[in-house]
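**Student:**
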Amino acid sequence: MQKMNRRHFLSTSAAASAALIGGLRQPTEAEAAGVDLTPGVPTGVNSSAIMEALPGKKPLIKLSYRPPNYEAPLEYLRTPITPNDEFYVRYHLSDIPNVDVKTYKIAVGGDGANGQAEITLDELKKMPAVEVVAVNQCSGNRRGLSKPHVQGVEWGYGAMGCARWKGARLKDVLDKVGLKKETIEIGFNGADGPAVDKTPDFIKSIPVWKAVDESTIVAYEMNGQPLPHFNGFPARIIVPGWTGTYWIKHVIAINALTKPETNFWMNPAYRIPVGKFPLRDRFITQENATTTPITEMVVNSLITSHRDGAKVKTGKVTVSGMAWDGGYGIRAVEVSTDGGKTWAAATLGEDLGRFAFRPWSFNLSAKAGKNSVMVNATNRIGQAQTSELIFNPAGYHNNVMQNITLVA
Ligand SMILES: Nc1nc2c(c(=O)[nH]1)N[C@H]1C(S)=C(S)[C@@H](COP(=O)(O)O)O[C@H]1N2
Ligand SMILES: [Mo]
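Read in order, the letters of the sequence shown correspond to residues 4 to 411 in my numbering.
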């Protein structure tokens with residue numbers, strides 16, 4: 004299988020933009036022949052994936068069309084802010100309506116609320132606005148790399164992106180109704196629905212302490228623009244630090260709950276084994292003896308400048324990428340060129356806040372032949388990446404240090 008080089012990438016994206024007007028474009032022959040879209044993902048999956056542009060998007064790696072699951076190729080993750088038309092798309096349900104802003108409203112209530120309210124988009128925009136730069140990463144990002152192999156969408160490295168989100172604080176939205184002291188969780192529903200009756204509606208909840216955190220918002224802007232349709236137009240929940248599953252798109256209901264939300268998407272879905280990951284954020288009302296909902300992201304990094312096996316010239320090579328975590332902030336990124344025996348500090352780039360991608364770069368001297376490059380990020384509470392996969396049945400939280408080979 005041929006590697007997707009820069010030239011190939013540019014020519015296909017130009018062709019794709021030209022073909023965008025008509026909606027879904029046909030893959031080019033080269034794409035259909037199977038470029039190496041997500042290095043490391045099993046061959047069968049790789050060969051069935053193609054680059055395809057959804058309306059309003061540049062070509063993304065298509066993993067499924069109904070529901071739409073499209074990940075970003077490495078090239079889109081080279082900047083700390085991911086452009087809206089390059090941002091990945093993840094859905095569980097196939098019936099995704101085009102929301103009409105004239106009739107759109109969010110119903111706020113639930114048995115834990117003192118009252119009920121309906122909030123239009125205009126009203127949401129009139130509330131005090133806040134901005135937060137935050138990484139949206141699917142819990143299943145890198146699932147395709149899990150060994151042994153697990154069920155679910157075979158994501159490579161690109162089920163993530165980082166954007167500047169603007170909206171009203173969820174806390175202020177909840178203040179419109181007032182919370183009873185018995186409230187333990189805040190639940191969300193979006194306008195999308197299942198295409199077949201047997202798929203449960205996608206409803207998620209978060210603990211009340213996370214809901215009233217000042218960084219948790221109901222966003223209507225992404226990078227200064229209205230949210231793209233496929234990223235939740237006209238409004239979505241942003242839960243900085245936590246994986247994308249809670250970031251409900253096209254949100255139409257926000258409910259204060261006095262009992263734990265029990266639907267399929269809270270349990271058994273989106274669960275991790277208790278005690279296996281070094282996480283602080285707990286979701287106690289959902290915990291049981293063996294599993295707990297996935298919450299904050301684990302500290303992680305990605306090399307975005309080069310693919311595994313990339314050809315380089317001997318001498319100075321600058322390797323760069325992104326690092327991120329669950330909101331403590333990145334303290335250091337280190338690189339090893341001797342398989343992990345010794346490590347040297349990478350240079351950190353612009354700090355867009357503790358929830359954002361932190362760019363890093365490192366100059367190495369490539370010698371003729373194979374050059375190993377390993378990367379490890381550490382956050383401000385001292386957590387670092389793992390060298391061995393922490394296996395779990397859903398393939399979540401894969402933060403194994405990358406170890407790529409550059410060939411000079
Ligand atoms: N309404 C709705 N919101 C949703 C989902 C969904 O299926 N429906 N999927 C969630 C999951 S699992 C993820 S990872 C993120 C992905 O966000 P994105 O599509 O904007 O990249 O959306 C979340 N919000
Ligand atoms: Mo997800």
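Just so it is clear, CB atoms sit at the ideal spot from N, CA and C, and this is done for glycine as well.
With contact counted as at least three CB pairs below 8 Å, one residue from each stretch, are the segment 253 to 267 and the segment 372 to 381 in contact?
**Tutor:** Segments in contact, no.
**Student:** Does Q289 pass the burial test, meaning 16 or more other C-beta atoms within 10 Å, or should it be called exposed?
**Tutor:** Under this definition Q289 is a buried residue.
**Student:** Let me make sure I understand the geometry here. Which of A369, E337, V338, A359 has the alpha-carbon closest to that of K319?
**Tutor:** Looking at the Cα atoms, A369 is the closest of the given residues.
**Student:** Is it the case that the CB of Y94 approaches a heavy atom of ligand 1 more closely than 6 Å?
**Tutor:** Checking the Cβ of Y94 against ligand 1 gives yes.
**Student:** Quick one: give me the first and last residue of the alpha helix (DSSP H) that W212 is part of.
**Tutor:** Looking at the DSSP string, the run of the alpha helix (DSSP H) that includes W212 is 211 to 214.
**Student:** Kindly examine ligand 2 and report whether one of its heavy atoms sits closer than 6 Å to the Cβ of T248.
**Tutor:** Yes, ligand 2 has a heavy atom inside 6 Å of this Cβ.
**Student:** State the Cα-Cα distance for the pair D341 and L367, rounded to the nearest angstrom.
**Tutor:** Between D341 and L367, the C-alpha separation is close to 11 Å.
**Student:** Using DSSP's beta-bridge definition, name the partner residues of F1.
**Tutor:** Outside the shown range of the chain, which is 4 to 411, sits residue 1, and nothing can be said about it.
**Student:** Any heavy atom of ligand 1 closer than 6 Å to the beta-carbon of N144?
**Tutor:** No, the Cβ of N144 stays beyond 6 Å of every heavy atom of ligand 1.
**Student:** Please report the residue range of the beta strand (DSSP E) in which L367 lies.
**Tutor:** L367 -> beta strand (DSSP E) spans 361 to 369.
**Student:** Along the chain, where does the beta strand (DSSP E) containing L66 start, and where does it finish?
**Tutor:** Per DSSP, L66 belongs to the beta strand (DSSP E) from 63 to 67.
**Student:** For K169, write down the residues that DSSP places opposite it in a beta bridge.
**Tutor:** Partner(s): E134, E224.
**Student:** Determine the extent of the beta strand (DSSP E) in which L305 is found, giving its start and end residues.
**Tutor:** Residues 303 to 306.
**Student:** For my contact list, S308 and P362 are in at a C-beta cut-off of 8 Å; report their separation, rounded to the angstrom.
**Tutor:** Wrong, their Cβ atoms sit about 11 Å apart, outside the cutoff.
**Student:** Per DSSP, what kind of secondary structure is T294 in: helix, strand or coil?
**Tutor:** If DSSP states are grouped into helix, strand and coil, T294 belongs with the strands.
**Student:** Taking the CB atoms as reference points, tell me whether P70 and Y94 lie closer together than 7 Å.
**Tutor:** In contact: P70 and Y94 (Cβ atoms closer than 7 Å).
**Student:** Check whether the segment 233 to 248 touches the segment 131 to 142, counting contact only when three or more Cβ pairs, one atom from each stretch, lie closer than 8 Å.
**Tutor:** Yes: the two stretches touch, three or more of their Cβ pairs being nearer than 8 Å.
**Student:** Are the beta-carbon atoms belonging to D195 and L96 less than 7 Å from one another?
**Tutor:** Yes, they are a contact pair.
**Student:** Tell me which same chain residues have a C-beta within less than 8 Å of the C-beta of A294, skipping the five on either side of it?
**Tutor:** Per the sequence shown, residue 294 should be read as Thr rather than Ala. N270, P271, R274, I275, P276, V277, listed in sequence order.
**Student:** May I have the straight-line CA-CA distance separating P83 from L305, to the nearest angstrom?
**Tutor:** Their Cα atoms are separated by approximately 12 Å.
**Student:** Which one of K60, K314, L177 has the shortest CA to CA distance from L1?
**Tutor:** Any property of residue 1 remains undetermined from this structure, which presents the chain solely from 4 to 411.
**Student:** Going by DSSP in three states, V338 sits in which element: helix, strand or coil?
**Tutor:** In this structure, V338 counts as strand in the three-state DSSP scheme.
**Student:** With DSSP as the reference, please indicate the residues paired to M325 in a beta bridge.
**Tutor:** BP columns for M325 point to L305, P362.
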